Amino acid sequence: MVFLIQQVRAMTISAKYLNRKRRLPAFSLLEILTVLVIVGVILTLPRWPLIGSNLLSRANDRISVTQAKVDVAILAQSRPSSQKIISVTLDPVCPAKVVQVYLGGWLKPVAIECPVGTLTVSTLGELRLEKS
């Protein structure tokens, strides 16, 4: 048993001696914490919700989002479908207003009064906003 303990000690000493030059330099705990604090401050400084709301506040951006919704519905109705009518909400421009896309991908031309102005929808789904 004593021989086994001496053998284990000799092996650990030789392993430590052989791995002495293989050590890789690493960052200290203080350096890692400093970097984490800096990254945390950088991520919390900008007001991300304000940036997102400013992107949709412009009329052109609102119309492009609404136009994309209408285009997706027209594309879905242009191929054979089991739905005869798809209702599309005009949320960013006209909240709680709906346009219906019929089978074949066509719409009934309509003019809708919105808080921003008058939104006209053509038969092919083109949106046009006329400010009042």
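So the sequence shown is numbered by our numbering: it starts at 201 and just counts up by one. Think of the CB as a built atom: it goes at the ideal place given N, C-alpha and C, for glycine as much as any other residue. The structure presented is a predicted model; accordingly, all values stated were derived computationally and were not measured.
With a 10 Å radius around its C-beta and 16 neighbouring C-beta atoms as the bar for buried, classify GLY325 as buried or exposed.
-> As a position in the sequence shown, residue 325 is number 125, starting the count at 1. Result: buried.
Could you check what DSSP says for ALA276 in three-state terms: helix, strand or coil?
-> For the purposes of this step, residue 276 is taken as residue 76 along the sequence shown, with counting starting at 1. Here ALA276 sits in helix by DSSP.
If we count Cβ pairs, one from each stretch, closer than 8 Å, do we get three or more for the segment 270–284 versus the segment 296–309?
-> yes
Just confirm the distance between the C-beta atoms of VAL343 and VAL293, as a whole number of angstroms; I'd bet it's less than 8 Å.
-> The question about residue 343 has no answer, for the chain in this structure spans 201 to 332.
Could you check the C-alpha separation between ARG262 and GLN283 for me, to the nearest Å?
-> The residue you call residue 262 lines up with position 62 of the sequence shown. The residue you call residue 283 lines up with position 83 of the sequence shown. So the two alpha carbons sit approximately 27 Å from each other.
Any idea which residues DSSP pairs VAL321 with across the strands?
-> Here residue 321 refers to the residue found at position 121 of the sequence shown. Answer is VAL310 and LEU327.
Between the Cα of VAL265 and the Cα atoms of THR318, LEU327 and TYR217, which residue gives the shortest distance?
-> For the purposes of this step, residue 265 is identified with residue 65 of the sequence shown, where counting begins at 1. Cα-wise, what sits closest to VAL265 is LEU327.
Can you give the Cα-Cα distance for GLU330 and GLY317, rounded to whole angstroms?
-> Here the question's residue 330 lines up with position 130 in the sequence shown. Here the question's residue 317 lines up with position 117 in the sequence shown. The alpha-carbon atoms of GLU330 and GLY317 are separated by roughly 6 Å.
Exposed or buried, what is LEU319 when buried is set at 16 or more other beta-carbons lying within 10 Å of its beta-carbon?
-> If you number the sequence shown from 1, residue 319 lands on position 119. With 16 or more Cβ atoms within 10 Å of its Cβ, LEU319 is classed as buried.
8 Å contact criterion, which LYS297 and ILE285 should meet: CB distance rounded = Within the sequence shown, residue 297 is the residue found at index 97, counting from 1. Within the sequence shown, residue 285 is the residue found at index 85, counting from 1. In fact, because the Cβ distance is near 16 Å, the residues do not count as touching under 8 Å.
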